[in-house]
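Undergrad: Please see the structure below; I have some questions.
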Amino acid sequence: MNSNHVNPEPGPLPDQPMQLLVHACCGPCLEYPARLLQGEGHQLTIYAYNPNIQPEVEHERRLAALRQLTDQLDLTLFAEGEPQTQQWLEHENITESRCHMCYRVRLEAAARKARDLEIPFFTTTLLVSPYQDQTLIREAGEEAASRYGVTFYFRDFRDGYREGQAMAREDGLYRQKYCGCLPSIDQSRFAERIRREHAELSAR
Ligand code: SF4
2 MNSNHVNPEP
12 GPLPDQPMQL
22 LVHACCGPCL
32 EYPARLLQGE
42 GHQLTIYAYN
52 PNIQPEVEHE
62 RRLAALRQLT
72 DQLDLTLFAE
82 GEPQTQQWLE
92 HENITESRCH
102 MCYRVRLEAA
112 ARKARDLEIP
122 FFTTTLLVSP
132 YQDQTLIREA
142 GEEAASRYGV
152 TFYFRDFRDG
162 YREGQAMARE
172 DGLYRQKYCG
182 CLPSIDQSRF
192 AERIRREHAE
202 LSAR
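The numbering used here numbers the first residue of the sequence shown as 2 and each following residue consecutively.
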């Protein structure tokens with residue numbers, strides 16, 4: 002998980018309601034941006050593409066929480082992709098960190114999906130997390146947008162991170178204790194518990 006906190010300038014706010022594809026990494030991170038954007042009158046479609054969420058049992062668990070929330074908010078969810086463990090374990094590129102690759106892969110898919118669905122704007126719930134690198138996310142989003150003829154809607158949602166987590170608790174959503182890829186489990190102080198839960202889920 003990248004903790005390089007930066008404060009890029011907020012992007013311009015469209016003055017008209019937008020059709021917006023929201024790439025969602027998980028239910029808890031969707032809570033605040035979805036409720037905020039819905040409240041502002043934007044039309045949201047949710048897209049889950051997170052091959053970085055590993056192992057499979059964790060991928061399923063986070064997707065189930067995301068479905069729970071999109072059902073509750075009456076939002077359409079498109080969920081695609083499977084965990085790509087090897088790509089994350091074997092990543093050894095000195096010119097691009099693992100997290101940068103991770104943002105690029107997911108936002109590339111989101112831009113393509115927005116283009117395919119003819120949705121002009123897309124954004125990502127990664128922008129709500131204080132643990133992610135907003136500069137790299139914005140760069141990856143804008144580069145992907147330019148390739149697919151859509152617009153990346155950059156907005157710093159981090160002020161709502163705690164509120165979103167509290168909403169997730171109230172809604173009874175599963176709240177994970179590590180970023181997503183297998184290497185990030187080692188960085189979590191709950192690593193032992195996480196591995197135990199994965200073993201229990203896999204045994205079912
Ligand atoms: S899942 Fe792993 S590679 Fe992706 S942002 Fe989190 S720590 Fe970085």
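Glycine is no exception: its CB is placed at the ideal position from the N, C-alpha and C atoms.
Any chance the CB of Pro184 is under 7 Å from a heavy atom of the ligand SF4?
TA: yes
Undergrad: Mind checking which residues open and close the alpha helix (DSSP H) that includes Ile138?
TA: 135 to 149
Undergrad: Given this structure, state the Cα-to-Cα distance separating Leu137 from Tyr104, to the nearest angstrom.
TA: 8 Å
Undergrad: Using a Cβ-based criterion (distance less than 7 Å to any ligand heavy atom), does Asn53 qualify as near the ligand SF4?
TA: Yes - the ligand SF4 has a heavy atom lying nearer than 7 Å to the Cβ of Asn53.
Undergrad: Using only the alpha-carbon positions, how far apart do Pro184 and Leu78 sit?
TA: Approximately 28 Å, taken between the alpha carbons.
Undergrad: Taking just the CA atoms, how far does Asn51 sit from Glu143?
TA: 18 Å
Undergrad: Please state whether DSSP places His6 in a helix, a strand or coil.
TA: The pLDDT assigned to His6 is 40, lower than 50, so where the model puts this residue is not dependable, and the model offers no usable value.
Undergrad: With DSSP collapsed to three states, give me the class of Tyr104.
TA: Tyr104: helix per DSSP, three-state reduction.
Undergrad: Look at the alpha carbon of Gln188 and the alpha carbon of Ile120, and state the distance between them as a whole number of angstroms.
TA: For Gln188 and Ile120, the distance between alpha carbons rounds to 37 Å.
Undergrad: Under 7 Å: does the beta carbon of Arg176 sit that close to some heavy atom of the ligand COA?
TA: The ligand COA is not among the ligands present in this structure, which contains only the ligand SF4.
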